[in-house]
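Its first residue numbered 33, the sequence shown is counted upward by one per residue in the working numbering.
Single-structure report; data block below.
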Amino acid sequence: MKRDYIRADHCVYHCDYHLVFVTKYRRNVIANEGIWTYLEQKLREVTEHYPRIRIKEINHDINHIHILISIPPQMSVGSVVRLLKTNSSRNIKSKFPFLKKVYYGTDGMWSDGYFVSSVGADEETIKRYIEKQGEEDIGQTATLFE
33 MKRDYIRADH
43 CVYHCDYHLV
53 FVTKYRRNVI
63 ANEGIWTYLE
73 QKLREVTEHY
83 PRIRIKEINH
93 DINHIHILIS
103 IPPQMSVGSV
113 VRLLKTNSSR
123 NIKSKFPFLK
133 KVYYGTDGMW
143 SDGYFVSSVG
153 ADEETIKRYI
163 EKQGEEDIGQ
173 TATLFE
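Next up, the structure:
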């Protein structure tokens, strides 16, 4: 798979992550297609204000969402998660009044935690590349991340 490196002012990067957000109390509220459409719109809206954040893929199940996202190295994963969760759950109870009963007495619709995993070359590939440093380049650099 060819990697899409992003060029910024003082760096070139490929920082992709797999994020998973779970609904508070694992309530099955994303089964409602109207809620999913609203959430997806609000999640993508973040990238309009932060164009270096790129949502590459997004999907859901009834009580959680998966996002494949590129985050610039100047931003922490935690700060981007906070932006995404806040923007997607802000005003959702007024848009979907039944959620006031589902989440009575709570602030948002997301659980406090999240899952994150970096996406890219596996550890063994990187170890082999580092071990080969200083040896004559026989093309291993060109194919390392393909």
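We put the CB at the ideal spot given by N, CA and C, even for glycine.
For clarity, every value in this text was computed on a predicted model and none was experimentally measured.
Straight-line Cα distance separating residue j from residue i
i	j	result
R35	Q165	21 Å
L51	E167	37 Å
E156	A40	28 Å
T69	C47	27 Å
K117	W142	7 Å
K127	F53	20 Å
Sub-7 Å separation of residue i and residue j beta-carbons
i	j	result
S121	G140	yes
R84	P104	yes
V113	R59	no
N91	H98	yes
V78	L115	yes
Status (buried if at least 16 other CB within 10 Å, exposed otherwise) for residue i
i	result
Y49	buried
I162	exposed
I186	Past the edges of the chain, shown from 33 to 178, lies residue 186, and the structure says nothing about it.
I94	exposed
Same chain, Cβ closer than 6 Å to residue i, neighbours up to 5 away in sequence not counted
i	result
Y37	V44, H46
7 Å Cβ shell around residue i - same chain, five flanking residues per side excluded
i	result
V109	Y49, I103, V148
**OP:** Specify whether the segment 112-130 and the segment 68-75 touch according to this definition: at least 3 beta carbon pairs, one from each stretch, less than 8 Å apart.
**Re:** Taking 8 Å as the limit for Cβ pairs, the verdict is that the segment 68-75 does touch the segment 112-130.
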